[in-house]
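Undergrad:
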Ligand code: PRP
Ligand code: ZN
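In the working numbering, the protein residues as written are 51 to 335.
Listed below in structure tokens is the structure:
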């Protein structure tokens, strides 16, 4: 029986969330940290724990079949692998930053200057697009100390909470790209592995769909039902059940997380009462 091999970050921003996603897909692993390979007990999958910078390469070379990696790292690797899904966690941006003392007026500040980064490929492309000539100093880690030790005039690095920049006396001045965790795959999986991948993808999609949505339950006056239903699309259409109280119905539906507060306001304005909103664990179409 063939097994799917998935590469994820060993330790870092994406590690825990990557494992959590597999767990939410019902895939269990034996406990015991520190291992570099873990095999699931209930799904034909093996996890390889790697440095995030290596994930894309290993997937391309079929050491792993699929991988979870930051889109920033995938783009920097510039290798022919497929992006299967945006995973909605590990959000960050790749940004240019300079010392907070600098009087920054625009991207032309970097003309003729030196920028330290672990993302030379993406940065070079960006500077070219912007028509700026700057030299790029590649460093693989601790990029944010480069300006203070006189190695560069600025940095191009990942910003998530912004605390790394702040504690190094830097300020973010220009965003190069937005990034989040992506699921990537080798372009030539065999048929058996493809079957397993489809099974896993189906589960991942159900988990992601559920995260974007909320289950909503409310009581509505019958004379406002039609209007209320029109703003609650649901998976097909909302479920309406009569309440013991005459003239009232109970309504069940599903709403998009990002429309949540707008819809709640509209519902209240239409006379909805007893509004209950609950998370959804899985959502299967
Ligand atoms: C990035 C970056 C900073 C940190 C920024 O590292 O190099 O160290 O995250 O996060 P903050 O804005 O929340 O302080 P990354 O997670 O990409 O790790 P790696 O470069 O060691 O793989
Ligand atoms: Zn890394």
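Don't be surprised by glycine CBs; every beta carbon is placed ideally from N, CA and C.
Under the rule that 16 or more other beta-carbon atoms within 10 Å means buried, what is residue 204, buried or exposed?
TA: Buried: at least 16 other Cβ atoms inside 10 Å.
Undergrad: If you measure between the beta carbons of residue 154 and residue 223, is that distance less than 7 Å?
TA: Yes. Within cutoff.
Undergrad: Hey, is residue 214 close to the ligand PRP, as in C-beta under 6 Å from one of its heavy atoms?
TA: Yes, the Cβ of residue 214 comes within 6 Å of a heavy atom of the ligand PRP.
Undergrad: Work out the CA separation of residue 286 and residue 266 for me, nearest whole Å.
TA: Near 14 Å, if we compare the C-alpha coordinates of residue 286 and residue 266.
Undergrad: Considering residue 278, what are the terminal residues of the alpha helix (DSSP H) in which it resides?
TA: Residues 275-280.
Undergrad: Is any non-hydrogen atom of the ligand ZN found closer than 6 Å to the C-beta of residue 336, if you look at the structure I gave you?
TA: This structure does not reach residue 336, given that the chain is present from 51 up to 335, and the question cannot be answered.
Undergrad: Looking at residue 219 and residue 150, is the spacing between their C-beta atoms short of 7 Å?
TA: Yes, the Cβ-Cβ distance between residue 150 and residue 219 is below 7 Å.
Undergrad: Would you list the residues sitting across from residue 54 in a DSSP beta bridge?
TA: Looking at the DSSP assignment, residue 54 forms a beta bridge with 95.
Undergrad: Are the Cβ atoms of residue 243 and residue 52 separated by less than 7 Å?
TA: Yes.
Undergrad: Quick one: what does DSSP say residue 244 is sitting in, helix, strand or coil?
TA: Three-state result, residue 244: helix.
Undergrad: On the three-state DSSP scale, how would you describe residue 239?
TA: Three-state result, residue 239: coil.
Undergrad: By DSSP, does residue 261 sit in helix, in strand, or in coil?
TA: It is helical.
Undergrad: Assign residue 117 to one of two classes, buried (16 or more other C-beta atoms within 10 Å of its C-beta) or exposed (fewer than that).
TA: With 16 or more other Cβ atoms within 10 Å, it is buried.
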